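Under this note's numbering, residues -9 to 448 are what the sequence shown spells out, in order. Reading through the structure tokens given below for one structure.
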Amino acid sequence: MSKLWALPLAASLFLSACHAKQYSIKNGTPGTAADPDKVLYARSLDDIKHGRYDVGRLSLQTLINTYPDSEYLAKAKLAIADSYYKEGGTAALDQAILEYKDFITFFPFLDEAAYAQMQVAMAHYRRMMKPDRDRTEALNAEAEFQTFIQKYPNSALLPQAQQRLREVQEVLAEGEYRIASYYYVRRSDRASAARLLDLTNRYPLYSKAPDADWMLAQIYERNERKEFAKVFYSRIVKDYPLSPLAADAKDRLTKLGAPIPQPDPTALARMQKEQNLPRQRSSLISKPLGALKNGPNVSTAARVGAPNLTPEGEGEGETLTPGTMTAGGGAPAGGSPTTTAIVETVPVGGGTGSTSSTSTSASGTDSSASVPTGATGSAAVGNNSDSSSAPQPQPPPDASGPPTSSGASNPPTAGAPPDASSAQNTSSSSSSQGSSSSAPPNNSAPKKKKGLKKLIPW
């Protein structure tokens, strides 16, 4: 009787074992001889999950080399990049960026290519430092997020990429704002205005953009450029109607006799939506703890609005024209931006000379002009051709003193013979008549010409 019960039990155990074996083969679990590439892939993922990154990457590399036609080839390459990203550290993140970019190169049309591009940007984002530190990683993260948004506008990761880009641009703008504030307090208006102009045009979603516009208006107003001060006061009222500075900007416009513009409906809706969103408030210990972190605080970044997608360096050039403001002032295609400067010839006697217009490069300045360190671009040079470029504060007077009227009392240069003084005087007079001379070169000859060219910063 017991044997009769044993036969059905043995048969049921045999059938269940066969079903279990079939299930394990189908799912590719380790321990089966079927689909070895799938087995390697599953084992490597398990190793990476438990922190055995080197072992997992070795299994994935074995899969790639042994089974070049496997359906898991793309997944294996992406898993290698993910293992480096998950491992963290400077060296591992550098390698992760290379692996993700290789994946995009080999598999550009897969859906995972968008994910790989997002991970490249996030690798730079993770290494981003505070606003007052090195901003290399922040600039790289900005460029990679911009690339993602432009290449994959239909990706499900687009909202996350846009928010990360807003946070990166908040950090970059904060760094520029701190430098500009330093120069603003020290009354170095030219250096401050140069950075504030670039900040307000490039990062309109910056949390302190109204403050930057206010500082610009104050700079131009105290330098007797009220027509440009009106532009920035009007921008506060129009583009940031809910800002605490909007009421003060209206008062300044009234005193300057300028019309008060109506708020932009789009900007008003954006600020209202921004205020209605819940935002984490900083606690009493947040600042002390923040000093111990290497990463920046991005809690003040905007969460509504389209971030700037213009790459760094392409929005430079003329940024301000009378009565209008350009979004970024594009540079000419295939060349550096050029501006037109007013050059005034000052006679020896100190009277007002003739004025001529010359076209110069945005980065070039007259050697006789006193340009503070850090003032770059059109705002730094302070060009003005028919009032078509950004005005800049008047530079400090030249400390070298007025030029001499003649070279009669020139001291001889070092190492020159006793009669070198007369030779230098002859060379100076000959150069004014347009003839060449074989006398030793006079290092101060440019200062002894009849007129002195000075770059008018306004």
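For each residue, glycine too, the CB sits at the ideal point set by N, CA and C. Computed from a predicted structure; not experimentally measured.
What do you get for residue i, buried or exposed, if any count of 16 or more other CB atoms within 10 angstroms of its CB means buried?
i    : result
K220 : buried
P297 : buried
L450 : Here the chain has residues from -9 to 448 only, and residue 450 is not among them.
A131 : buried
L299 : exposed
R260 : buried
R293 : exposed
P312 : For P312, the predicted structure reports a pLDDT of 37, less than 50, and the residue's modelled location is therefore unreliable. A value from the coordinates is still provided. The residue is exposed, with fewer than 16 neighbouring Cβ atoms inside 10 Å.
R47  : buried
P286 : buried
Q136 : buried
A323 : Only weak support is given to the placement of A323: the predicted model assigns it a pLDDT of 37, under 50, and the question is left unresolved by the model.
K245 : exposed
L267 : exposed
A81  : exposed
D84  : exposed
K283 : exposed
F99  : exposed
P149 : exposed
V158 : buried
V175 : exposed
R154 : buried
T95  : exposed
Taking 6 Å as the limit between beta carbons, can you name the residues of its chain near residue i, skipping five residues before and five after?
i    : result
D409 : The predicted model places D409 with a pLDDT of 49, which falls under 50 and marks its position as unreliable; any figure quoted below should be read in that light. Hits under 6 Å: none found.
W204 : L235
P392 : At P392, the pLDDT of 39 sits below 50, so the modelled position is not reliable; the number obtained from the coordinates is stated separately. Correct list: empty, nothing qualifies.
Y62  : D27, Y31
Y173 : A181, S182
K216 : L246
F142 : Contrary to the premise, residue 142 reads as Tyr rather than Phe in this sequence. Same-chain partners within the cutoff: A104.
E211 : A219
Y43  : S73, E77
A207 : A219, F222, Y223
Would residue i and residue j be called neighbours here (beta carbons separated by less than 7 Å)?
i    : j    : result
A163 : L189 : yes
P200 : G165 : no
Y230 : L243 : no
R156 : A291 : yes
A64  : Y75  : no
A71  : L53  : no
E160 : V45  : no
L30  : S49  : yes
E127 : H114 : yes
A111 : F93  : no
D179 : I209 : yes
A184 : S145 : no
I38  : S73  : yes
Leaving out the 5 sequence neighbours to the left and right, which residues in its chain are closer than 8 Å to residue i when beta-carbon positions are compared?
i    : result
G405 : A caution first: G405 carries a pLDDT of 44, below 50, which makes its placement in the model unreliable, though a value can still be read off. Around G405: no qualifying Cβ.
E214 : none
R168 : P121, D122
K91  : A106, V110
E302 : L129, E132, A133
M119 : R125, E127, A128, N284, G285, P286
Q270 : S289
A456 : With the chain covering -9 to 448 only, the question about residue 456 has no answer from this structure.
Residues in the same chain with beta-carbon distance under 7 Å from residue i, minus the five sequence neighbours each way, listed in chain order, please.
i    : result
M108 : F138, L147, A151
K240 : V227, I250
E264 : A292, R293, V294
K198 : Y167
K254 : The amino acid at residue 254 is misidentified as Lys; the sequence shows Asp. Only K228, D229 meet the Cβ criterion.
R116 : L83
D36  : none
If you measure from the CB of residue i, is any heavy atom of the ligand GTP nearer than 6 Å?
i   : result
I94 : The model depicted lacks the ligand GTP and carries no ligand whatsoever.
| Inside the region 129 to 199 only - alpha helix (DSSP H) runs reaching at least 4 residues | Taking only runs of at least 4 residues, the alpha helix (DSSP H) segments lying wholly in the region 129 to 199 are 148 to 175, 179 to 192.
| Segments assigned alpha helix (DSSP H), at least 4 residues, entirely inside the region 36 to 120 | 43 to 56, 63 to 77, 80 to 96, 102 to 116
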